[in-house]
Amino acid sequence: MEMLQNFYETTLAALKNAKNDRLWFKTNTKLGKVYLEREEFNKVANVIRQLKQTCNTGSHETDPHKGTQLLEVYALEIQLHTEQKNHKLLKELYERSLKVRSAIPHPLIMSVIRECGGKMHLRSGDYEKAYTDFFEAFKNYDEAGNPRRINCLKYLILTSMLLQSAINPFDSQEAKPYKNDEEIKAMTDLISAFQNNNMKDFERIFQENKESLMADHFVHEHIAALLKHVRTKVLLILVQPYKNVRLSFISKELGISLEDVESLLVSCILDGQIEGRIDQVNKVMITKKTSCDDKYVAMDGLMEQIKKLSLTIGV
């Protein structure tokens, strides 16, 4: 990487003297990407400033004929803000990039913008927009023949589970050919267990592939939220038929400790997903359910009141 950096820096010096603007722009963009990979963010910002100047007219306004180059600069800047988790600037820049019309960008440029947009939306909890962006990024990476299509497919599956969608990403024509790809087998197995509400399989698959799943920093960042979503989904199905449920039963079914069960139940109660309380002494979840008998008693009482009212008014 250092050798590549030295090459680009030397080339830039020569191109500046030769006044070859087009090649200078391309080389400087590549140098910015090298700086980004090396996490030399101040140098990336400096490159972006230089590149932006070339996209302006003499009056410092954006040149309408340089939309394609501007999108390349935006893609680099969006990656920088994504790495630095500068969400406010990232959102502004992302929205600005989607409004550029005077451009015929390479699919790779749009895939970078869409991937970063997907990460931004997922971090802010906007799962539907994240799903759309990751799908668009995947399609563009696939069109460009770029291996990052697999990463975006992983993020698409992750988002689908967080969205609690019944739609399988592999139902789409574009994603179907990658369903049995070894690199995403763990994610494919996870979404299968998720859609079947099989928590035991989900936990087993996760534990067996934990190292490879956690190797992706972005997936790692959202694993805790994913596990909570999946456990909550199965928990709500488990407790639904019962008035009283032992915490030990939930613990066994979800494959988690009693402490984690209590924490999950408290979260569900506070969010209004479950009406009830936890009996700490007996370790039982008591839900506020109205039995059929209670409903009939209430109905009989209502009918009696209507009958009395009818007699009173002489109907």
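When we follow the numbering used here, the leftmost residue of the sequence shown carries the number 6, and every step to the right adds one. Idealized CB from N, CA, C, for every residue including glycine.
Top-ranked residue by Cα proximity to residue i, from the options
| i | options | result |
| --- | --- | --- |
| D284 | N214, S262, T34 and K248 | K248 |
| V286 | E267, G72 and E280 | E267 |
| L9 | N25, L28, E42 and D26 | E42 |
| R154 | D186, N173 and M125 | D186 |
| K293 | I210, V244 and L28 | V244 |
| L158 | E148, F139 and A198 | F139 |
| A171 | E188, G150, I189 and N201 | N201 |
| M166 | M192, G150, K215 and D176 | M192 |
| K93 | E120, L81, I261 and H126 | H126 |
| Y136 | H111, G281, L168 and A230 | L168 |
| T67 | D176, S129, V105 and Y132 | V105 |
| R27 | T59, C273, S107 and S272 | T59 |
| Q84 | V289, T34 and R236 | T34 |
| P152 | E188, I274 and L161 | E188 |
For residue i, three-class secondary structure by DSSP
| i | result |
| --- | --- |
| D138 | helix |
| N47 | helix |
| N151 | coil |
| N173 | coil |
| N61 | strand |
| A108 | coil |
| C297 | Below a pLDDT of 50, predicted positions are generally treated as unreliable, and C297, at 47, falls in that range; the measurement from the model is reported next regardless. Residue state, collapsed to three classes: helix. |
| E120 | helix |
| L158 | helix |
| D26 | helix |
| V302 | Low confidence applies to V302: its pLDDT is 48, below 50, so where it sits in the model is not reliable, and the reading given next is rough at best. Of the three classes helix, strand and coil, the one that applies to V302 here is helix, per DSSP. |
| D131 | coil |
Inter-residue Cα distance where the pair is residue i and residue j
| i | j | result |
| --- | --- | --- |
| Y183 | N156 | 12 angstroms |
| Y146 | I114 | 9 angstroms |
| S296 | Q178 | Here the model assigns S296 a pLDDT of 49, short of 50, so the residue's position is not dependable, and the following value carries that caveat. When rounded, the distance between both Cα atoms is 47 angstroms. |
| D206 | A198 | 6 angstroms |
| T16 | K181 | 43 angstroms |
| N227 | N25 | Looking at the sequence shown, residue 227 is not Asn but His. Distance between the alpha carbons of H227 and N25: 45 angstroms. |
| K57 | N47 | 15 angstroms |
| G150 | E141 | 14 angstroms |
| N203 | K31 | 50 angstroms |
| L263 | R251 | 10 angstroms |
| S129 | K90 | 11 angstroms |
| Y79 | L103 | 10 angstroms |
| K96 | T73 | 20 angstroms |
| V52 | A108 | 21 angstroms |
| E45 | F143 | 27 angstroms |
| D265 | W29 | 57 angstroms |
| K38 | S217 | 26 angstroms |
| Y1 | V49 | With the chain running from 6 to 320 in the structure shown, residue 1 is simply not present. |
Residue i - partner residues in DSSP beta bridges
| i | result |
| --- | --- |
| M290 | V250 and I283 |
| T67 | N61 |
Legend entry - Minimum length 3: unbroken beta strand (DSSP E) runs contained in the stretch 181-254: 249-251
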